Amino acid sequence: MIAVDTNILIRFLVRDDERQAEIARRHIKQAEARRERLKIPLLVVLEAIWVLESAYDKARPEILEAIRDMRQMPVFEFEDDQVVEGLLDDGPGSKADLSDILIAHAAIAAGCDAVITFDKAAAKHPIFSLLK
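Sequential numbering from 0 applies to the sequence shown in numbering that gives the first Met the number 0.
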């Protein structure tokens, strides 16, 4: 199995560099035709969220929709899919940042009872505990 780096996903989703976007699209289509799976690590999901929000000013619904759409594509396999599912379930209704929601669900999947933080916004998610 081959993993996908953040820049490949960003080119695929945003098409900000047409040449690279076409190369990424072609590789993904070829893998799909060969019935191969491309792994998307959680760190890539986290970085993609950050890049889409900060560099491309994408709104939460657009980002969640893009992740949901990729999750439906048979060629992609997300690391810890239940963590990504938690992000997609909690993302629309939570006031926490998407990256914090992903961290929360990764911690839950790892068997953690809490995530300690100084981030007051993150502490709005039930698993986060604000250190004072």
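Virtual Cβ for every residue (Gly too), placed ideally from N, Cα, C.
Predicted model, so just to flag it, every value in this text is computed and none were measured.
If contacts are defined as beta-carbon pairs under 8 Å, then residue i and residue j qualify, I think. What distance do you get, rounded to the angstrom?
i	j	result
Pro-40	Glu-64	Not really, about 21 Å apart at Cβ, beyond 8 Å.
Lys-167	Ile-62	Residue numbering for the chain in the displayed model covers 0 to 131; residue 167 lies beyond these limits and cannot be assessed.
Leu-162	Ile-115	This structure does not reach residue 162, given that the chain is present from 0 up to 131, and the question cannot be answered.
Glu-31	Val-74	4 Å
Going by DSSP, which residues form a beta bridge with residue i?
i	result
Phe-77	Ile-39
Phe-127	Val-114
Ile-1	Leu-37
Given that a residue counts as buried once 16 or more other Cβ atoms are within 10 Å of its Cβ, and exposed if not, what is residue i?
i	result
Phe-11	buried
Phe-117	exposed
Leu-8	buried
Met-69	buried
Asp-99	buried
Gly-110	exposed
Ala-214	Here the chain has residues from 0 to 131 only, and residue 214 is not among them.
Gly-92	exposed
Would you kindly check if the distance between the Cβ of residue j and the Cβ of residue i is under 8 Å?
i	j	result
Ile-66	Val-43	no
Ala-113	Ser-128	yes
Lys-94	Lys-119	no
Val-82	Leu-101	yes
Val-3	Tyr-55	no
Check each candidate in the options and name the one with the smallest Cα separation from residue i.
i	options	result
Ala-20	Thr-5, Asp-96, Gln-71	Thr-5
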